[in-house]
Amino acid sequence: MNNFIYENKTKVFFGRGCVREFLACLIKDFDTVLLAYGQGSVKKNGIYDEVLNILMKEGKNVVEFPGIMPNPTYQKVLEGVRLVRSKKVKMILGIGGGSVMDCCKGVALAAGYDGDAWGNFWDRRGIVDFDPVSVGVIVTAGGTGSECNGAAVITNEVQKVKIGYDYPKCNPVFALMDPAYTFSLPKLQMASGAFDSLSHIMETYFSEPDEQNVSDELAEALMRSIIKNARIAVENPGDYTARSNLLWASTLSENRLIKMGKKCDFTCHLMAHQLGAYTNCNHSCAVAVLQPVYYRHIYKDSVEKFARFAENVWHIPKDGHSEEQMARAGIDALEGFAAELGLPGTLKALGVTDKDGLKQIAASCHYSPGGYRKLGSDEMLEIFQECFD
Ligand code: NZQ
Ligand code: ZN
């Protein structure tokens, strides 16, 4: 394994009723709380009322920060920064999925910094040598793992860049994770969230070193669990056991654990992010469209690993097949799984309409150094085009 330092400061409270049981205690040291949430789901499903009642009972001064959009923008981050500064907020409490959590972490980082936050922490990987404002999160959607990492994936609409680096200092101090809070998710978002978790795992799994290592073995177990539980949850969304397995697997997939000792190939995510920066498409659906096509481009650079994926994750029997046939069968299984979950299979189905515009998007994509092979923007364009319809 490569050398590593492992750190994760987020304290997780998991399970039915955890908000009622623990929230009051977790915020006891903060008089003013910035209550951040998205575009209305928390008001429909009753989670907002539940949380607000606790804050009121504890006598907190609540500053509202509503309307965080999917694919949060830097403008929205700056709106939160102004609130934090003017109201002297010391605790940001986010209720939502990846977008709300990321926006909260972005606000915490930018509010704690005097200079050009975008230039120093998003435009390039900076050094966080100060304490960002404390963030606590109440998770309502699985998939991103944002609750236990330090990344704030933010869209700069002016620059047409969507990006986020994982800064350990930006990890939430606590995450309250009640699987029942995810029950109201639309089925498509629940299913695509499961694929997003799978994608996070694959991005580490398909990278060097490929010698025997515990991170790859954990990754295979997690992938099998997500596949099994996503199938159950799509069939029966009210299955608490499946939903709790999916929610915790989502955390484990993006809390740095399985990345230890490995490089990581972010190519697909970087492409999905730039696609999002230009089209505002749904993140998790975008990776579901791109990933199988990307893997058909690169599997020959590590046939053995892709064949192992087919056998150990999808249980495809060798039956005298060549390594290459196995590798291709694994990628076919991945693509079939996305279809089985009901996810869109093309960019067009995702709402991307401008095929010519893909050229500009491909040109704006970064290269991920952890991949088996360096992809240029021409090949990224080919992938986008193959995904189009
Ligand atoms: O706006 P609200 O009302 O919150 O509604 C959301 C939104 O419309 C809704 N929703 C969330 N929980 C719900 C619910 N609806 C009903 N019941 C619930 N319990 O679902 C929609 C999508 O929410 P969003 O937060 O945008 O989805 P997701 O969790 O997939 O987050 C996506 C964002 O996270 C970033 C993505 O790029 C994207 O911007 N990512 C963050 C990562 C990280 N921090 O580590 C890693 C990921 O790879 C990803 O890049
Ligand atoms: Zn993702």
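The sequence shown maps to residues 1 to 389 in UniProt numbering.
Using N, Cα and C, we set each Cβ at its ideal position, and we do this for glycine too.
Quiz item: What first and last residue would you give for the beta strand (DSSP E) that runs through residue 65?
Solution: 61 to 65
Quiz item: With C-beta atoms as the reference, is residue 224 less than 7 angstroms away from residue 313?
Solution: yes
Quiz prompt | Under 6 angstroms, CB to nearest heavy atom of the ligand ZN: contacting residues | solution = 144, 196, 199, 200, 269, 283, 287
Quiz prompt | Buried versus exposed call for residue 351 [16 or more other C-beta atoms within 10 Å across all chains shown] | solution = exposed
Quiz item: DSSP puts residue 177 in a beta bridge; with which residues?
Solution: According to DSSP, which records beta bridges pairwise, residue 177 is partnered with 14, 139.
Exercise. Less than 8 angstroms between the CB atoms is what I'm expecting for residue 266 and residue 370, so what's the real figure, rounded?
Key: 7 angstroms
Self-check item: Whole-angstrom distance between residue 279 and residue 207, CA atom to CA atom
Solution: 29 angstroms
Quiz prompt | Cβ-Cβ separation, residue 285 to residue 192 (assumed contact under 8 angstroms), whole Å | solution = 5 angstroms
Quiz prompt | Burial state of residue 115 (16 or more Cβ within 10 Å) | solution = exposed
Self-check item: DSSP state of residue 37 mapped onto helix, strand, coil
Solution: strand
Quiz item: Taking Cβ to Cβ, would you say residue 65 is nearer than 7 angstroms to residue 34?
Solution: Closer than 7 angstroms, so yes.
Self-check item: Local Cβ density within 10 Å of residue 130, reported as buried at 16 or more and exposed below that
Solution: exposed
Exercise. Grab me the residues of residue 41's own chain with a C-beta within less than 6 angstroms of its C-beta, minus the 5 sequence neighbours each way, in chain order.
Key: none
Exercise. Could you pull the start and end residues of the alpha helix (DSSP H) that residue 94 belongs to?
Key: Careful: residue 94 lies outside any alpha helix (DSSP H), inside the beta strand (DSSP E) at 91 to 96.
Quiz prompt | Heavy atom of the ligand NZQ within 6 angstroms of residue 29 beta-carbon | solution = The closest heavy atom of the ligand NZQ lies 6 angstroms or more from the beta carbon of residue 29.
Self-check item: Residue range of the unbroken beta strand (DSSP E) whose run includes residue 155
Solution: First-last of the beta strand (DSSP E) with residue 155: 154 to 156.
Quiz item: Does the ligand NZQ have a heavy atom nearer than 6 angstroms to the CB of residue 81?
Solution: Result no, Cβ not under 6 angstroms from the ligand NZQ.
Self-check item: Contacting residues, own chain, Cβ-Cβ under 6 angstroms from residue 389 (five flanking each side not counted)
Solution: 346, 348
Quiz item: Near residue 301, which residues of its chain fall below 7 angstroms by C-beta distance, leaving aside the five closest residues on each side in sequence?
Solution: 372, 373
Quiz item: What does a CB cutoff of less than 7 angstroms around residue 311 pick up in its chain, not counting 5 residues either side in sequence?
Solution: 318, 326
Self-check item: Close-in-space but distant-in-sequence residues of the same chain around residue 165 (CB under 6 angstroms, 5 per side omitted)
Solution: 125
Quiz item: Near residue 117, which residues of its chain fall below 6 angstroms by C-beta distance, leaving aside the five closest residues on each side in sequence?
Solution: 110
Quiz item: By how many angstroms is the C-alpha of residue 304 removed from the C-alpha of residue 324?
Solution: Roughly 8 angstroms between the two C-alpha positions.
Quiz item: Who does residue 187 pair with in a DSSP beta bridge?
Solution: For residue 187, which the question treats as bridged, DSSP gives no partner whatsoever.
Quiz item: Between residue 368 and residue 290, what straight-line distance do the alpha-carbon atoms span, to the nearest angstrom?
Solution: 15 angstroms
Self-check item: Beta carbon of residue 255 nearer than 7 angstroms to that of residue 148
Solution: Cβ atoms of residue 255 and residue 148: closer than 7 angstroms.
Quiz item: If you drop the 5 nearest sequence neighbours on each side, which residues of the same chain put their C-beta closer than 7 angstroms to that of residue 287?
Solution: For residue 287, where only same-chain residues beyond five positions count, the Cβ hits under 7 angstroms are 195, 196, 199, 268, 269, 272.
Self-check item: Where residue 144 falls: helix, strand or coil (DSSP)
Solution: coil
Self-check item: Straight-line Cα distance separating residue 178 from residue 18
Solution: 6 angstroms
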